[in-house]
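Those letters in the first sequence? Residues 46 to 317, per my numbering, in order. Don't be surprised by glycine CBs; every beta carbon is placed ideally from N, CA and C. Structure, as structure tokens:
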Amino acid sequence: MPELPEVETVVRYVRPNIVGKIIQGVIPQNNYDKVLATHTPKRFNKLVAGQSIIDVTRRGKYIALNFDNGFLLIHLRMTGRLLLKLSEDDKLKHLTAIINFTDKASLYFKDYRKFGRLYYYDSMDYINNKLGVEPLSKDFTGDWLYNNLHKNKRQLKPLLLDQGFIAGLGNIYVDEALWFARLHPQQISSVVSRKKSNVLHAAIQRLLQTAIDNQGTTIINFYFGEGEKGNFREQLQVFGRQDKKCPRCKTVIEKIRVAQRGTHICPHCQKI
DNA sequence: GGGATTGTTTAAAC
DNA sequence: CGTTTAAACAATCC
């Protein structure tokens, strides 16, 4: 379940291995042309073939291969993985695309649920207009969060999950951040106090940065490189810890549903 | 077999 | 209009 820290971990893993390479072609696998979200395979290849990778960056949960002219974006969705080589036991039927380079190297897109997609855009404008603030950028300030929580009248959890509000948060880090700020996920955003908003702001930034430092969180299926796991799981306070005790007050953590998503809360610390 | 799981988009309902 | 809910997408696990 790659969220911002996991995507950043993948970017840092592939960047030194593919910067400078020239794309020869992008080949959908297993008849899954749908993996190319923006163009037909023929058109997609016309746009990316011959392009040199200047840099690999991240915007929200998107990975961006930067060309001199244009961008190839990759979204891992839930189970997507980027591999620099295939191991013996990699199941070929789970491959959805291969990006071939002119030096015979390849970047393999493996995705057993097939939700992950590749996109080509001339500029990042389309994606930038769709996505909200980068939570680790200087634009994401305490003032920004407080003001924008109060511009909306929505439940906190679906608001924080909305990529058009803040780009990159997912189920894990939202549950963790709300617990740190002692905020109930169904609290309406416009009534959050300045004090709690500030705690939430600090928690979001600290969680994301610490998770990146620990190469992300592996719950079930986040791996990068050659099967390496993220180490942040050990630092989770509520996510996946239903029926266990709240680290703060020892109340039993509950798993509830908010906006159709499994949601972990301490019923004592987090009240509406 | 039924239900939950995950992120995002889109459509419909409120 | 703003917000909420549900379905769709795919495959697997319990």
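1) Is the beta carbon of Met169 less than 8 Å from the beta carbon of Arg103?
2) Within this structure, are the beta carbons of Leu121 and Ala109 separated by less than 8 Å?
3) On the criterion of 16 or more Cβ atoms from any shown chain inside 10 Å, does Asp100 qualify as buried, or is it exposed?
4) What first and last residue would you give for the beta strand (DSSP E) that runs through Pro73?
5) How many angstroms separate the CA atom of Glu51 from the CA atom of Pro180?
6) Below 7 Å, is the gap between the Cβ of Ser235 and the nearest heavy atom of the ligand MG?
7) Taking Lys91 as part of the alpha helix (DSSP H), name the residues at either end of that continuous run.
8) Rounding to the nearest angstrom, what Cα-Cα distance links Leu140 and Asp78 in this structure?
9) Would you mind reading off the limits of the beta strand (DSSP E) that contains Glu299?
10) Put Ser242 into one of helix, strand or coil per three-state DSSP.
11) Would you identify the three-state DSSP class for Trp49, choosing helix, strand or coil?
12) Short check: CB of Cys314 to CB of Arg293, under 8 Å?
Inspection of the coordinates gives the following:
1) Locating residue 169 in the first sequence gives position 124, counting from the first residue. Locating residue 103 in the first sequence gives position 58, counting from the first residue. The answer is no: Cβ separation not under 8 Å.
2) The count along the first sequence starts at 1 and reaches residue 121 at position 76. The count along the first sequence starts at 1 and reaches residue 109 at position 64. For Leu121 and Ala109, no; Cβs fall outside 8 Å.
3) Locating residue 100 in the first sequence gives position 55, counting from the first residue. Under this definition Asp100 is an exposed residue.
4) What you label residue 73 is simply residue 28 of the first sequence in a count that begins at 1. First-last of the beta strand (DSSP E) with Pro73: 68-73.
5) Residue 51 sits at position 6 when you count from the first residue of the first sequence. Residue 180 sits at position 135 when you count from the first residue of the first sequence. Approximately 14 Å between the Cα atoms of the pair.
6) The ligand MG is absent from the structure shown, which contains no ligands of any kind.
7) For the purposes of this step, residue 91 is taken as the residue at position 46 of the first sequence. Here the alpha helix (DSSP H) through Lys91 covers 86-93.
8) Here residue 140 refers to the residue found at position 95 when the first sequence is read from its first residue. Here residue 78 refers to the residue found at position 33 when the first sequence is read from its first residue. Between Leu140 and Asp78, the C-alpha separation is close to 12 Å.
9) Sequence index remark: in the first sequence, residue 299 carries index 254 (1-based). Glu299 -> beta strand (DSSP E) spans 299-303.
10) Counting from one through the first sequence, the residue named residue 242 turns up at place 197. Helix.
11) To locate residue 49, count along the first sequence from 1; it is residue 4. The sequence given here has Leu at residue 49, not Trp. Three-state DSSP puts Leu49 in a helix.
12) Taking the first residue of the first sequence as position 1, residue 314 is located at position 269. Taking the first residue of the first sequence as position 1, residue 293 is located at position 248. Result yes, Cβ atoms of Cys314 and Arg293 sit closer than 8 Å.
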